[in-house]
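Read top to bottom, the protein sequences are chains E and F. The working numbering numbers the first residue of the first sequence as 74 and each following residue consecutively. The working numbering numbers the first residue of the second sequence as 3 and each following residue consecutively. One structure is given below, encoded as structure tokens.
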Amino acid sequence: MTAAAPTITITVNGEPKTFPAGLTLADLLERLGLRPDAVVVEHNRAIVRRAALGAATVQAGDEVELVHFVGGG
Amino acid sequence: MTGTLEAARLADDAPFTIAGHAFRSRLMVGTGKYRSNAEMVAAIEASGADVVTVAVRRVNLDRTQEEGILHHLDPKRFFLLANTAGCYTADEAIRYARLAREAGFNDFVKLEVIGDRETLLPDAEGLLRATRVLVQEGFKVLAYTNDDLITALRLEEAGAAAVMPLASPIGSGLGLLNPYSIRTIKKRLSVPVIVDAGVGTASDACVTMEQGVDGILMNTALAEAADPVAMATAMRHAVEAGRLAWRAGRMPRREVAVPSSPTTGMLGA
Numbered sequence: 074m075t076a077a078a079p080t081i082t083i084t085v086n087g088e089p090k091t092f093p094a095g096l097t098l099a100d101l102l103e104r105l106g107l108r109p110d111a112v113v114v115e116h117n118r119a120i121v122r123r124a125a126l127g128a129a130t131v132q133a134g135d136e137v138e139l140v141h142f143v144g145g146g
Numbered sequence: 003m004t005g006t007l008e009a010a011r012l013a014d015d016a017p018f019t020i021a022g023h024a025f026r027s028r029l030m031v032g033t034g035k036y037r038s039n040a041e042m043v044a045a046i047e048a049s050g051a052d053v054v055t056v057a058v059r060r061v062n063l064d065r066t067q068e069e070g071i072l073h074h075l076d077p078k079r080f081f082l083l084a085n086t087a088g089c090y091t092a093d094e095a096i097r098y099a100r101l102a103r104e105a106g107f108n109d110f111v112k113l114e115v116i117g118d119r120e121t122l123l124p125d126a127e128g129l130l131r132a133t134r135v136l137v138q139e140g141f142k143v144l145a146y147t148n149d150d151l152i153t154a155l156r157l158e159e160a161g162a163a164a165v166m167p168l169a170s171p172i173g174s175g176l177g178l179l180n181p182y183s184i185r186t187i188k189k190r191l192s193v194p195v196i197v198d199a200g201v202g203t204a205s206d207a208c209v210t211m212e213q214g215v216d217g218i219l220m221n222t223a224l225a226e227a228a229d230p231v232a233m234a235t236a237m238r239h240a241v242e243a244g245r246l247a248w249r250a251g252r253m254p255r256r257e258v259a260v261p262s263s264p265t266t267g268m269l270g271a
């Protein structure tokens, strides 16, 4: 039997979520079914540019916020 | 139908410009609280607004198929003005403004720093601090504020691109409570003054524009009208009427009657 691939738990929009280790922010968006041009990503309180999402690796315990525009006054 | 002369008079008006960006309509509208997206789009079309406000919120991860507002509003057609609604500290508002700018549409922000949950009245100290930081970072700050001249002056000094005093509390529909304050703010500031919040119906919008302000931003008055499209049409006319009346220069107020018909040439008794 092969050992289970290592996983990490991170917080996405306030909710704990478990993913395979080595995940990038671009991978995260893909797994969540979100288009990178439809969201803005904040990683541990720092905004990550769209072009940098593929190079940004997520570590256990990280906090990620995914936001977009909604109706408002 | 708009007559030729009427159209010419409206066209004669100075362009409505904020931080070097010219806008067609002096009526700006929000996108919140509509019963449906279709109704929102129809009302915005009817309002003639080119500036529409949006809020920054978390994506709903449980319903990723849920469409954001941009699925319904073409960002090439409308100028998206992101707000920092719901923020109670300067730091929070700064964070939301930075996220909004990263969406990539423009560097304008409608800055809100709320000081009280019951009245949603602005926090002047937080507004000033956030304005200074955001202006330093190149933002064009449109600051939602009280109808207080001193705060408005301080916001202008801090570099705000426009100051947005309230007519009355957000979502109250109470109309313009203090025309004198709004008039005074408009007289004293150099940057555009846009009244934001409190307008309930067309007469409120008209009397607000008659104070000489540069524009009005409203949301609930349209979204909560029984017929938002009809109200948006009324608001468009009211803003134009109020603007034109202000430019026309109203007659003086007198506390005595002055006859409109000749007092001479009356028949003998």
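Where a beta carbon is used, it is the ideal one built from N, C-alpha and C, also for glycine.
Identity of the residue in the options nearest residue i by Cα
{"i": "residue 61 (chain F)", "options": "E:113, E:128 and E:104", "result": "E:113"}
{"i": "residue 136 (chain E)", "options": "E:78, E:77 and E:86", "result": "E:86"}
{"i": "residue 195 (chain F)", "options": "F:267, F:135, F:56 and F:146", "result": "F:146"}
{"i": "residue 129 (chain F)", "options": "F:120, F:50, F:103 and F:89", "result": "F:89"}
{"i": "residue 150 (chain F)", "options": "F:160, F:120 and F:183", "result": "F:183"}
{"i": "residue 278 (chain F)", "options": "F:247, F:265 and F:219", "result": "Residue 278 (chain F) is absent from the model: chain F starts at 3 and stops at 271."}
{"i": "residue 227 (chain F)", "options": "F:193, F:243, F:202 and F:245", "result": "F:202"}
{"i": "residue 94 (chain F)", "options": "F:70, F:133, F:109 and F:120", "result": "F:133"}
{"i": "residue 18 (chain F)", "options": "F:217, F:168, F:165 and F:113", "result": "F:217"}
{"i": "residue 58 (chain F)", "options": "F:263, F:22, F:268 and F:101", "result": "F:101"}
{"i": "residue 120 (chain E)", "options": "F:98, F:26 and F:208", "result": "F:98"}
Same chain, Cβ closer than 8 Å to residue i, neighbours up to 5 away in sequence not counted
{"i": "residue 54 (chain F)", "result": "30, 31, 32, 33, 46, 75, 80, 81, 82 and 83"}
{"i": "residue 272 (chain F)", "result": "Since the displayed chain F opens at 3 and closes at 271, residue 272 (chain F) lies outside it and no answer follows."}
{"i": "residue 141 (chain E)", "result": "111, 112 and 113"}
{"i": "residue 103 (chain F)", "result": "84, 109, 111 and 141"}
Backbone CA spacing between residue i and residue j [nearest angstrom]
{"i": "residue 177 (chain F)", "j": "residue 213 (chain F)", "result": "13 Å"}
{"i": "residue 118 (chain F)", "j": "residue 138 (chain F)", "result": "27 Å"}
{"i": "residue 93 (chain E)", "j": "residue 80 (chain E)", "result": "4 Å"}
{"i": "residue 3 (chain F)", "j": "residue 190 (chain F)", "result": "Low local confidence applies: a pLDDT of 47 at residue 3 (chain F) is under 50, so the model's placement there is unreliable, and no value is given."}
{"i": "residue 87 (chain F)", "j": "residue 105 (chain F)", "result": "17 Å"}
{"i": "residue 188 (chain F)", "j": "residue 179 (chain F)", "result": "15 Å"}
{"i": "residue 64 (chain F)", "j": "residue 37 (chain F)", "result": "22 Å"}
{"i": "residue 173 (chain F)", "j": "residue 221 (chain F)", "result": "8 Å"}
{"i": "residue 126 (chain E)", "j": "residue 249 (chain F)", "result": "52 Å"}
{"i": "residue 155 (chain F)", "j": "residue 92 (chain F)", "result": "19 Å"}
{"i": "residue 241 (chain F)", "j": "residue 145 (chain E)", "result": "21 Å"}
{"i": "residue 102 (chain E)", "j": "residue 24 (chain F)", "result": "37 Å"}
{"i": "residue 95 (chain E)", "j": "residue 132 (chain E)", "result": "8 Å"}
{"i": "residue 210 (chain F)", "j": "residue 28 (chain F)", "result": "12 Å"}
{"i": "residue 245 (chain F)", "j": "residue 152 (chain F)", "result": "25 Å"}
{"i": "residue 199 (chain F)", "j": "residue 129 (chain E)", "result": "41 Å"}
{"i": "residue 193 (chain F)", "j": "residue 110 (chain F)", "result": "15 Å"}
{"i": "residue 100 (chain E)", "j": "residue 14 (chain F)", "result": "54 Å"}
{"i": "residue 224 (chain F)", "j": "residue 163 (chain F)", "result": "26 Å"}
{"i": "residue 261 (chain F)", "j": "residue 269 (chain F)", "result": "17 Å"}
{"i": "residue 105 (chain E)", "j": "residue 56 (chain F)", "result": "23 Å"}
{"i": "residue 160 (chain F)", "j": "residue 35 (chain F)", "result": "32 Å"}
{"i": "residue 165 (chain F)", "j": "residue 247 (chain F)", "result": "22 Å"}
{"i": "residue 204 (chain F)", "j": "residue 266 (chain F)", "result": "41 Å"}
Cβ-based neighbour list, residue i, same chain, cut-off 7 Å, excluding 5 preceding and 5 following
{"i": "residue 123 (chain F)", "result": "117, 148 and 171"}
{"i": "residue 138 (chain E)", "result": "86 and 115"}
{"i": "residue 257 (chain F)", "result": "none"}
{"i": "residue 107 (chain F)", "result": "77 and 82"}
{"i": "residue 125 (chain F)", "result": "115, 116 and 117"}
{"i": "residue 39 (chain F)", "result": "74"}
{"i": "residue 121 (chain F)", "result": "171"}
{"i": "residue 157 (chain F)", "result": "129, 130, 133, 145, 147 and 165"}
Residue i, enclosing beta strand (DSSP E) - first and last residue
{"i": "residue 60 (chain F)", "result": "53-60"}
{"i": "residue 144 (chain E)", "result": "136-144"}
{"i": "residue 217 (chain F)", "result": "217-220"}
{"i": "residue 167 (chain F)", "result": "164-167"}
{"i": "residue 20 (chain F)", "result": "18-20"}
{"i": "residue 23 (chain F)", "result": "23-25"}
{"i": "residue 146 (chain F)", "result": "142-147"}
{"i": "residue 112 (chain F)", "result": "110-113"}
{"i": "residue 124 (chain E)", "result": "Here residue 124 (chain E) belongs to no beta strand (DSSP E), and DSSP marks it neither H nor E."}
{"i": "residue 82 (chain F)", "result": "81-85"}
Residue i: CB within 7 Å of a non-hydrogen atom of the ligand FMN
{"i": "residue 83 (chain E)", "result": "Absent from the structure shown: the ligand FMN. Ligands present: none."}
Cut-off 6 Å between Cβ atoms - residues of its own chain near residue i, not counting five sequence neighbours on either side
{"i": "residue 43 (chain F)", "result": "74"}
{"i": "residue 48 (chain F)", "result": "231, 234 and 235"}
{"i": "residue 123 (chain E)", "result": "109"}
{"i": "residue 135 (chain F)", "result": "96"}
{"i": "residue 51 (chain F)", "result": "27, 29, 30 and 31"}
{"i": "residue 91 (chain E)", "result": "80 and 82"}
{"i": "residue 20 (chain F)", "result": "163, 164 and 194"}
Span of the alpha helix (DSSP H), counted from its first residue to its last, around residue i
{"i": "residue 47 (chain F)", "result": "39-49"}
{"i": "residue 198 (chain F)", "result": "Where residue 198 (chain F) is concerned, there is no enclosing alpha helix (DSSP H), although the beta strand (DSSP E) it sits in stretches over 196-198."}
{"i": "residue 30 (chain F)", "result": "Note, residue 30 (chain F): premise wrong, no alpha helix (DSSP H); beta strand (DSSP E) at 29-31."}
{"i": "residue 98 (chain F)", "result": "92-104"}
{"i": "residue 152 (chain F)", "result": "151-159"}
{"i": "residue 133 (chain F)", "result": "126-138"}
- prompt: Residue ranges of each alpha helix (DSSP H) run of no fewer than 4 residues wholly in the segment 76-114 of chain E, ordered along the chain?
  reply: 98-105
- request: Return the chain-ordered ranges of every beta strand (DSSP E) run that is complete within the segment 176-256 of chain F and spans a minimum of 3 residues.
  value: Runs of the beta strand (DSSP E) lying entirely within the segment 176-256 of chain F, each at least 3 residues long, are 196-198 and 217-220 in chain order.
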